[in-house]
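Each remark here refers to the structure printed beneath this line.
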DNA sequence: TTTTTATGTCAGTCATGTTGACTTAATTCG
DNA sequence: CGAATTAAGTCAACATGACTGACATAAAAA
């Protein structure tokens with residue numbers, strides 16, 4: 001109650017709290033990526049491949065430019081991993097019908113299989129954490145996470161089960 | 174209320190919810206690291222340097238082996254960035270008094286200065302997110318984050334302002 | 001018809017991770 | 001005490017995934 005630190009120096013607690021947030025994000029991300037990394041190594045793939053497979057699986061028909069927007073990397077960086085995934089039969093490209101310059105990305109059955117394996121481990125981690133924490137904590141978690149994400153991308157998370165907004169091209173394939 | 178998806182297919186909502194968690198973590202981490210990356214570039218440093226500076230600043234006297242434990246990388250990977258930071262006067266090493274094999278790491282004044290700059294941007298992001306979300310949401314956030322982190326490292330986050338457990342060597346310098 | 005856009009490619013570079021082998025100094029164990 | 005273990009560091013070779021810059025092609029838009 002009258003803890004000397006919180007009473008005399010309220011900023012001390014604040015800084016401690018914020019640092020714990022910083023560290024939690026570091027450790028959570030570190031552990032969150034460790035299992036998929038091991039699976040990917042079987043295929044001689046890395047985290048970059050995972051991100052492509054995940055977001056293409058999540059947004060079938062995604063255009064290359066939209067994927068670049070999500071990943072925030074250059075097209076030269078993307079092209080290596082995307083090229084591999086296409087050549088090795090995990091991702092398929094289809095030219096757009098409206099705009100034939102655009103290449104819409106889809107997972108092949110093989111791609112879906114890998115996507116499932118990878119997502120299962122991460123979804124399992126979330127399922128355990130959510131279950132242990134309870135619905136109210138999950139709501140708080142979502143609120144804070146949204147606040148940590150740059151405003152531009154928050155709209156991706158409107159609604160919980162319904163329509164799935166954002167990301168998709170307005171007039172896509 | 175009687176939404177067809179939640180009523181007829183409860184697992185659909187669950188999967189959607191878990192995927193949103195996965196994506197939030199991806200976007201939060203992406204945005205969380207972007208600003209420090211720009212500051213580090215001024216010094217010709219990268220994320221690896223940031224991690225060393227952060228954890229040494231947070232745990233003065235940390236031993237090399239403990240840092241490796243936190244970062245989960247090999248000592249060869251660490252040695253490159255740590256060597257640079259020591260040579261360029263951001264980090265100082267002191268041999269232990271009890272066990273003279275151990276090198277205890279400390280930030281120099283210069284190191285602290287950079288640490289402050291880097292941490293301020295990330296702490297500011299957390300401060301804004303926490304403030305907007307409210308105390309209850311923050312509690313939920315912490316609970317879920319803890320559940321996402323491998324059990325081994327959860328002890329680091331016991332207590333909010335007080336003693337700061339974990340990490341430090343039992344009989345350190 | 002000209003310009004812009006979407007995509008792809010080539011070439012070179014850098015940061016950061018890996019494995020494996022080996023050294024040195026100090027502590028601990030039998 | 002002597003042998004084994006531990007903490008740290010080093011050298012070499014390599015892989016991944018970022019980057020910049022320059023250029024090419026096809027299709028759409030102005």
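Chains as they are written, first to last, in this note's numbering: chain G, 1 to 173; chain B, 174 to 346.
Just so you know, even glycine gets a beta-carbon here, dropped at the ideal spot from N, CA and C.
It should be emphasised that the depicted structure is a prediction, and the values quoted were computed from it without experimental measurement.
Enumerate in chain order the residues of its own chain whose CB-to-CB distance from residue i is below 7 angstroms, with the five nearest sequence positions on each side excluded.
i                      : result
residue 205 of chain B : 295, 298
residue 130 of chain G : 138
residue 143 of chain G : none
residue 219 of chain B : 213
residue 157 of chain G : 146
residue 77 of chain G  : none
How far does the alpha helix (DSSP H) with residue i in it reach, from first residue to last?
i                      : result
residue 155 of chain G : Note, residue 155 of chain G: premise wrong, no alpha helix (DSSP H); not H, not E.
residue 316 of chain B : 308-321
residue 246 of chain B : Element bounds for residue 246 of chain B: n/a, residue is neither H nor E.
Check the DSSP bridge columns for residue i and list the partner residues they point to.
i                      : result
residue 106 of chain G : G/92
residue 235 of chain B : B/278
Give me, in chain order, the residues of the same chain whose beta-carbon lies closer than 6 angstroms to that of residue i; leave out the 5 immediate sequence neighbours on both sides.
i                      : result
residue 112 of chain G : none
residue 88 of chain G  : none
residue 136 of chain G : none
residue 70 of chain G  : 55
residue 35 of chain G  : 121
residue 326 of chain B : none
Closest to residue i by C-alpha separation, out of the options, would be which residue?
i                      : options                    : result
residue 287 of chain B : B/233, B/244, B/213, B/246 : B/213
residue 224 of chain B : B/307, B/280, B/273, B/188 : B/280
residue 195 of chain B : G/72, G/136, G/140, G/118  : G/118
residue 318 of chain B : G/17, G/72, G/28, G/59     : G/28
residue 61 of chain G  : G/45, G/157, G/99, G/30    : G/99
residue 245 of chain B : G/150, G/152, G/30         : G/30
residue 15 of chain G  : B/193, B/300, B/326        : B/300
residue 93 of chain G  : G/36, G/67, G/35           : G/67
residue 305 of chain B : G/134, G/19, G/141, G/153  : G/141
residue 221 of chain B : B/324, B/326, B/253        : B/253
residue 19 of chain G  : B/247, B/190, B/289        : B/289
Suppose the cutoff is 8 angstroms on Cβ atoms and the five residues either side in sequence are ignored; what does the same chain contact list for residue i look like?
i                      : result
residue 38 of chain G  : none
residue 264 of chain B : 225, 226, 229, 255, 258, 278, 279, 280, 281, 284
residue 148 of chain G : 25
residue 75 of chain G  : 64, 68
residue 215 of chain B : none
Taking DSSP as the reference, what is the three-state secondary structure of residue i?
i                      : result
residue 46 of chain G  : coil
residue 273 of chain B : coil
residue 189 of chain B : helix
residue 346 of chain B : Bear in mind that the predicted position of residue 346 of chain B carries a pLDDT of just 36, short of 50, making it unreliable; the figure below should be weighed with that in mind. Note: residue 346 of chain B maps to coil in three-state DSSP.
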